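Some notes on the structure that comes next.
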Amino acid sequence: MKITIDGVEAEVEPGTTILNAARGIGGELVPPAMCYYSKLKGSGGKCRTCLVKVTKGSEKDPRPMPKLVASCQTPCQDGMEIQSVSSPEVVEARKGVVEFLLINHPLDCPICDQAGECHLQDLSYEHGKARSRYEEERRTFDMIDIGDKIKLHMNRCILCYRCVMLAEQLTETREHGVLYRGDRSEISTFIEKAIDNEFSGNVIDVCPVGALTDRTFRFKSRVWFVKPLYAHRDCPTCVGKTTIWLHGQEVYRVTARKDKYGEVEEFICNTCRYDKKSPSDWTIEGPAQISRHSVMSATQYKEGIKVEAPKTIGYGNISPR
Amino acid sequence: MAGKLLLEHINVPGIRTFDVYRAKGGYRAVDKAFKTMAPDEIMEEVKKSGLRGRGGAGFPTGMKWSFLDRSKPEKPRYLVCNADESEPGTFKDRYLMEFIPHVLIEGLILSSFALGSNNTFIYIRGEYKWIIDILETAVGEAKAKGYLGKNILGTGFDCQIHVQTGAGAYICGEETALLESLEGKRGNPRIKPPFPAFFGLYGCPTVVNNVETLAAVVPIINMGGDEYAKIGVGKSTGTKLISACGHINKPGVYEIDLGLPVDEFLNSDEYCGGVRTGHRFKAIIPGGSSVPIIPGDLFLKTLEGNDRLMTYESLSEGGFVSGSMLGSGGFIVMDETTCIVRNLWSLSRFYHHESCGQCSPCREGTGWLEKILHRLEHGHGHMHDIDLLVEIAKKIEGNTICPLGDAAAWPVASAIRHFREEFEYHAKFPNKVSGRFAHVDDYKRELNAIAL
Ligand SMILES: Cc1cc2nc3c(=O)[nH]c(=O)nc-3n(C[C@H](O)[C@H](O)[C@H](O)COP(=O)(O)O)c2cc1C
Ligand code: SF4
Ligand code: SF4
Ligand code: FES
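Residue numbers (our numbering), protein chains in the order written: chain A, 1 to 321; chain B, 322 to 773.
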């Protein structure tokens, strides 16, 4: 099937979503995605950052779609024409969504462990406005510990439901995951009870923001001062392929490897994540590829807030998408 | 009163019971259909009748039924009756179910037969506690008389009706959230497509219809679709229950022929009996809280000067600029003592409270709207808040998973469009707006002029 996104033609398999088609093309026109996660069934559709405009439905039915659509949920049709960044309407709508996501966000990046690898930070640099018009009080929650390894900082949560789906899909039972509704929704502590299996730590990796963080890494270092290396070990439980984050000769934390959209390539077990904190546990392969558009490369942005980029980017291989 | 189809016998003592309902001609439609009609013929009659969904959106019922996926005979098909009725201003389904429950049961039996649903559900909001008992009693009676259960009237068709209660969430009235809730899950609307006609309850083909829609199948079968279609104007056929409330002399539930002039509905003694005596008509929300508010003058006559009728088309004439919608028939009248800002704040509070929180624009936007309106109403607003409200509403509208986002945005956009001066007054004279109604006379708008 042939489709066109922002004037760029592409050939896609039937059933491909617009988002994945755009990812196939790459570059500026790829819509940002905060909730869709290709490895999690049923994810997407919620954050609305990936909105695009369909100006031509298909060859058969060329009518445009009446509203902007979530590109992560909308399958391509033959002959479909789509506008992403080329549509002012889309750009405006995305700005709106970013503003919404930020109004209740604590903006506590200076003390947040996720800073530097946070998708919300990236999103607001790329698609947001410089100033918020929000003058009201922000909603707040108490922090809670989900087990002894994970901290839930609900204030920062954007309710993408990724962690809920991960929990659900790892345990193969149905859990709610979210308590209450509207902007009072909370990720419930059931996760602690529901996932008593070896893979619970992956909720940290799928969380796009700093709502779920690794308590064993908490406040140890800013991520840009630790050096990510690809490493592997012979693990009886998982693939054993990880990224280890070194500070001097110490392993500060272990995460799964992520692709260029920040998605985990293969989920790892808790033993690899929490208990293998010595370089001798690992066979090091080399520097990790950090190819995401990241706050660490803020100077690369043409537009957006002018900030002084950290002068001491500690390692190489940072390239904008 | 002429033209009553659903509420014809509402005042007969004991009409709530099977025997009295039967004596008044009840279950005639089931007798007729089961003895003389095939399921497809019932659907044909419904199509011919032009019946449109009474739950709010007004989608043609016959067409909805024909979309039901019948290609997988191994899968059960379900009919679900939406009795979640939680839209502020709407209380017509309650009236029907409370006082004449058998008309709904009869409609459900007919519709289940037409659609091939052996297990039919009534999803009713938890707050209607006493009605749950009424419905269950009615289902029990119908079953005892052989109208439900196995092999109904010897046709070989089995049907059970299950009454399931919700736990008090407006969002569970949205059809896919309703299905989730019915399955025992959190009531989050599903992302569509797939539509319930293909992937509904437990993943099976499902039709969801409003209480009144399903009840209306009874007169349609009794009189025939063609006869039914003669009532009304154009594409608005049949009768409609309107729950009239607010500043009128005779609030209540009325069954009207669609096409009734709005002036007659509002002012005649047969219906609302006019705006509260001694007061002037200021504004109206004619179809439940989600539809745009319009000033009284624009309600009675369109911008072109045409008299408005109680039809889907006429009430929406003028679109979002000067029209509104028939919606679910929640008719909320406001006289000049109403503060529009306060009214809007109250509605926004509702939507903020009821948003399921799945998608960012609605979750965050509804709360934001509510907070700004709270400030404005309590004397802490600014002029720039007014445009901000409009902006936020625009950013929500159309960008959400389900129409609750639109429902939260439309009242804001319309209230500010038509009553901007009241909002400005609140921003300009913060110390005058602290009392509840004290300020209204200060900014009385010219009630008879046509506004834009
Ligand atoms: C937020 C929301 C709440 C709704 N609440 C109700 C309701 O309480 N009752 C109802 O019949 N329809 C309600 N609807 C409409 C239903 O989604 C659906 O359109 C309706 O049940 C279809 O029935 P109909 O075709 O007979 O009108 C609601 C829709 C939305 C978006
Ligand atoms: S905790 Fe993180 S992963 Fe879970 S819903 Fe919130 S933002 Fe998403
Ligand atoms: S629009 Fe509101 S109620 Fe509907 S799915 Fe989104 S958050 Fe939930
Ligand atoms: S990524 Fe598509 S809606 Fe979130």
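Positions of the beta carbon are idealized from the N, C-alpha and C atoms, including for glycine.
Since the structure is predicted, the reported quantities are computational estimates derived from the model, not experimental observations.
Only those residues of the stretch 673-689 of chain B whose C-beta falls short of 9 angstroms from the nearest C-beta of chain A are listed: His-673, His-674, Glu-675, Ser-676, Cys-677, Gly-678, Gln-679, Cys-680, Ser-681, Pro-682, Cys-683, Arg-684, Glu-685, Gly-686, Thr-687, Gly-688 and Trp-689.
Rounded to the nearest angstrom, the gap between the Cα atoms of B:Cys-677 and B:Ser-735 is 24 angstroms.
Bounds of the beta strand (DSSP E) holding A:Val-54 are 51-56. Minimum Cα-Cα distance from B:Gly-608 among the listed residues B:Gly-377, B:Asp-352 and B:Pro-360 corresponds to B:Gly-377.
Taking 7 angstroms as the cut-off, one finds at least one heavy atom of ligand 3 near enough to the beta carbon of B:Pro-510. Checking the 7 angstroms criterion, the Cβ of A:Cys-47 is within range of a heavy atom belonging to ligand 4. Taking C-beta atoms as the reference points, B:Leu-500 and B:Leu-474 fail to come closer than 8 angstroms.
With a cutoff of 8 angstroms on beta-carbon distance, A:Glu-13 and A:Lys-2 are scored as not near each other.
Setting aside the 5 residues that flank it on each side, B:Lys-715 is surrounded in the same chain by Ala-730 and Ala-734, each with a C-beta closer than 8 angstroms to its C-beta; the list follows chain order. Contact check for B:Gly-335 against B:His-423 fails: the beta carbons are separated by 8 angstroms or more. Three or more beta-carbon pairs drawn from the stretch 35-46 of chain A and the stretch 146-163 of chain A are found closer than 8 angstroms, and the two stretches are therefore classed as touching. Within chain B, the residues Cys-680 and Ser-681 have their CB atoms less than 8 angstroms from the CB of A:Cys-47, given in chain order.
Judged by their CB atoms, A:Pro-75 and A:Thr-140 are not nearer to each other than the 8 angstroms cut-off.
With its beta carbon at least 8 angstroms from every one in chain A, B:Lys-325 lies outside the interface. The beta-bridge partner set that DSSP reports for A:Lys-227 consists of A:Leu-246.
Contact between the stretch 435-449 of chain B and the stretch 560-568 of chain B is absent: fewer than three C-beta pairs spanning the two stretches fall below 8 angstroms. For B:His-747, no beta strand (DSSP E) run applies; the uninterrupted alpha helix (DSSP H) run containing it begins and ends at 725-749, by DSSP. Between the stretch 347-363 of chain B and the stretch 566-586 of chain B, the count of Cβ pairs shorter than 8 angstroms is below three; the stretches do not touch. Contact note: A:Leu-101 reaches chain B through Ser-681 and Glu-685, using a C-beta cutoff of 8 angstroms and chain order. Along the stretch 486-505 of chain B, going in chain order, the ones with a CB nearer than 8 angstroms to a CB of chain A are Ala-490 and Ile-492. Taking the beta carbon of B:Leu-709 as reference, the chain A residues within 8 angstroms of it are Arg-133, listed in sequence order.
When DSSP states are grouped into helix, strand and coil, B:Ser-635 belongs to the helix group. Annotated as distal: B:Glu-495 and B:Ile-455, with beta-carbon spacing of 8 angstroms or more. Taking C-beta separations shorter than 6 angstroms and ignoring five residues to either side along the sequence, the partners of A:Ala-93 in its chain run Leu-51 and Leu-68, following chain order. Residue contact check for B:Ile-722 against chain A: a CB pair falls below 8 angstroms. The residue from B:Glu-408, B:Lys-413 and B:Cys-480 with its alpha-carbon nearest to that of B:Leu-431 is B:Cys-480.
For A:His-119, the uninterrupted alpha helix (DSSP H) segment begins and ends at 119-127. Neighbourhood of A:Asp-275 in chain B, by CB distance below 8 angstroms: empty, with the nearest CB roughly 35 angstroms away.
Here the stretch 504-514 of chain B makes no contact with the stretch 540-547 of chain B; the two share fewer than three CB pairs at distances below 8 angstroms.
Between the C-alpha atoms of B:His-699 and B:Val-754 there is a straight-line separation of about 7 angstroms.
Straight-line measurement puts the Cα of A:Thr-237 at about 35 angstroms from the Cα of A:Pro-31. Taking C-beta atoms as the reference points, A:Arg-215 and A:Ile-150 count as a pair closer than 8 angstroms. Taking a C-beta cut-off of 7 angstroms against chain B, the contacting residues of the stretch 87-98 of chain A are Ala-93, Gly-96 and Val-97, listed in chain order. Taking a Cβ-Cβ cut-off of 9 angstroms, the neighbours of B:Gly-719 in chain A comprise Pro-66, Lys-67, Leu-68 and Ala-93, given in sequence order. The residue among A:Ala-21, A:Thr-243 and A:Phe-219 with its C-alpha nearest the C-alpha of A:Cys-269 is A:Thr-243. The alpha helix (DSSP H) runs of length 4 or more contained entirely in the stretch 518-560 of chain B are, from start to end of the chain, 532-536, 538-544 and 546-551.
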